[in-house]
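To start, the structure itself, in structure tokens.
Numbering (full-length UniProt numbering), first residue to last: 1 to 199.
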């Protein structure tokens with residue numbers, strides 16, 4: 001339209017994406033990117049927890065020492081089979097490691113579909129159960145390792161680590177590895193809760 005010396009040009013509004021919808025799409029993409037990053041970190045932590053749990057189970061399962069001085073009738077040896085607590089530890093850590101391996105596909109689904117609540121909720125519940133089993137096994141084994149190192153004069157528990165140094169070193173390492181997986185589980189649960197939370 002022309003009026004005098006001034007020219008006015010009418011420019012139609014872009015009808016491709018309405019203003020309100022564009023804002024919603026941008027916010028959704030930002031949320032999806034953030035949740036995808038959390039899911040990738042979750043997957044990496046699970047791999048680390050698998051290594052820690054397998055290391056704990058295998059180290060405890062192969063712990064054993066026989067003292068060099070023995071006779072035909074007497075042998076002084078220490079083995080994880082001698083204590084039911086250590087047997088429980090090996091079984092529990094093997095279960096935890098197996099669960100972590102089976103949870104990897106659900107973690108991958110959370111990476112591919114970061115907005116999906118179902119896999120996240122399932123992982124949150126199962127991680128809590130696995131954390132409970134892991135903590136109980138680690139705490140029980142830690143109590144026996146403490147007695148092996150320090151003994152208890154009130155109950156006539158003798159400290160055996162002066163004689164069985166190699167055995168005590170291995171079982172102590174297994175307990176440390178199990179507590180590492182406990183810490184990783186705590187982070188996994190926090191990440192799942194954070195991803196489920198609707199922002």
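Cβ coordinates follow ideal geometry from the N, Cα and C atoms, glycine included.
Taking the CA atoms as reference points, residue 105 sits about 32 Å from residue 142.
In the structure shown, residue 152 adopts extended strand secondary structure according to DSSP, grouped into three states.
Among the bridge pairs identified by DSSP, residue 34 is matched with none. Between residue 55 and residue 100, the C-beta gap is not smaller than 8 Å, which leaves the two residues out of contact. Taking every protein chain shown into account, the CB of residue 197 has fewer than 16 other CB atoms within 10 angstroms, so this residue is exposed. Contact between the stretch 130-150 and the stretch 79-96 is present, with at least three C-beta pairs closer than 8 Å. Taking a cut-off of 8 Å on C-beta distances, the stretch 34-43 touches the stretch 107-116, as three or more cross pairs fall below it. Residue 188 sits away from residue 47, with the two beta carbons spaced by 8 Å or more. In this structure, 165 is the residue among 165, 155 and 156 with its C-alpha nearest to the C-alpha of residue 149. Contact between residue 57 and residue 180 does not hold, since the beta-carbon distance rounds to 13 Å and is not under 8 Å. For residue 102 and residue 153, the gap between their C-alpha atoms comes out near 45 Å. Of the candidates 61, 123, 98 and 190, 61 places its Cα closest to the Cα of residue 82. Membership of residue 187 in the alpha helix (DSSP H) is indicated by the continuous run 165-196.
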